[in-house]
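Under our numbering, the first residue of the sequence shown is numbered 408, with each subsequent residue one higher. In what follows, a structure is listed as structure tokens, so that the remarks can point back to it.
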Amino acid sequence: MRILDAPLAVLRVQYRIARIPLHLIEQGVVARMGSEAPARLFYERSFGLLDAAIGNALGDRRLQRNGRALATRSDVLSRAARLDSEAAQAQRRSSADLKAKSDEAGRAQQDALSAKERKVEEARRAADERKRSAEDAAAQRTAAAKKQADTTAAQRTKSAEAAKREELAKIRSDEQKAAAAAKSKLDEAQAKRTEAGAKRAQADRIEDLADDEKRKRQSARTDNK
């Protein structure tokens, strides 16, 4: 053993003793918190960084490695929780946008239908008035003039109906565009949720590794005793 190894070994033992209260706090308080609770993640990250720094300073590679693993796990879980929150917010915004656009499209469709119905009714009334006028003057007009009046009324009614169909087609097109835009936002929110799930799975794997290391360390302590 080198001369410097003995003081470092003593310091490592002293640090393990100093960590006992922190470990008790972790088991008694922090462990009861949710795995993604901000306070728990902050505590575990701070604890991990401390272990990593002390392990590096004292040449304790296991302590350094475990500290880094704990800090990395906390960072990954924090990012996963943040992504999950952002995905949920994006999904809520997308749902609200979809409902607003759907309501707007419905109102626009109803207004357009009402306007077209008024125009058709006005056209029909105008046609009826022209027809009555033609009938009143039938005795003074020829059969050809009466036929022309009827033809004109039919053409105007047909034009009004064609305009109505064109407007309805435009409304359906606007609804499809609005639905496509909302679906795109929902897909983006789902993608963020998928990414958050992957991050959480990665964090679980890191946590399993950290637990394995912890069990090995505890087993090693038992053997040393």
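Ideal placement from N, C-alpha and C gives every residue a C-beta, glycine not left out.
- Between which two residues does the alpha helix (DSSP H) containing glycine 474 stretch? 468 to 543
- Message: Classify glycine 513: buried if its beta carbon has 16 or more other beta carbons within 10 angstroms, exposed otherwise.
- Response: exposed
- Rounded to the nearest angstrom, how far is the Cβ of glutamine 471 from that of alanine 487, given a contact under 8 Å? At roughly 25 Å, the Cβ-Cβ gap does not stay under 8 Å, so glutamine 471 and alanine 487 are not in contact.
- So, arginine 452 versus alanine 476, is the Cβ gap smaller than 9 Å? no
- What do you get for alanine 608, buried or exposed, if any count of 16 or more other CB atoms within 10 angstroms of its CB means buried? Per the 10 Å Cβ criterion, exposed.
- Let me know the secondary structure DSSP gives glutamine 547 once reduced to three states. In the structure shown, glutamine 547 adopts coil according to DSSP, grouped into three states.
- State the CB to CB distance for the pair alanine 585 and lysine 508, rounded to an integer number of angstroms; the pair is presumed to be in contact (CB under 8 Å). 4 Å
- Task: My understanding is that alanine 494 touches lysine 599, with C-beta atoms under 8 Å, so please give their C-beta distance in whole angstroms.
- Result: 4 Å
- Query: Quick one, which of Asn473, Leu484, Val527 and Arg468 has its alpha-carbon nearest alanine 610's?
  - Reply: Each of Asn473, Leu484, Val527 and Arg468 was checked against the Cα of alanine 610, and the nearest Cα belongs to Leu484.
- Task: Thinking arginine 628 and arginine 469 are a contact (beta carbons under 8 Å), I'd like their distance in whole angstroms, please.
- Result: Not quite, the Cβ-Cβ distance comes to about 11 Å (not below 8 Å), so this is no contact.
- threonine 558 beta carbon less than 9 Å from that of arginine 537: no
- Pull up the distance between the alpha-carbon of serine 521 and that of glutamate 528, whole angstroms please. 10 Å
- Message: Taking the beta carbon of aspartate 467 as the centre, do at least 16 other beta carbons fall within 10 Å, making it buried, or is it exposed?
- Response: Taking a 10 Å sphere around the C-beta of aspartate 467, we find 16 or more other C-beta atoms and assign the residue as buried.
- Message: Is it the case that the segment 531 to 547 contacts the segment 568 to 575, given that we only count it when at least three CB pairs across the two stretches are under 8 Å?
- Response: no
- Cβ atoms of alanine 497 and alanine 596: under 9 Å apart, would you say? Pairing alanine 596 with alanine 497 gives a Cβ-Cβ distance under 9 Å.
- Query: Among Glu602, Arg612, Ser626 and Asp615, which residue has its Cα nearest to the Cα of serine 492?
  - Reply: Selected option, being the one with the closest Cα: Glu602.
- Item | Which listed residue (Thr549, Ala567 and Arg563) has its alpha carbon closest to that of lysine 523 | Ala567
- Query: Rounded to a whole number of angstroms, what is the C-alpha to C-alpha distance between alanine 546 and lysine 554?
  - Reply: 14 Å
- leucine 448 and serine 481 look like a contact to me (Cβ under 8 Å); what is the Cβ gap, rounded to whole Å? About 5 Å; that satisfies the 8 Å criterion.
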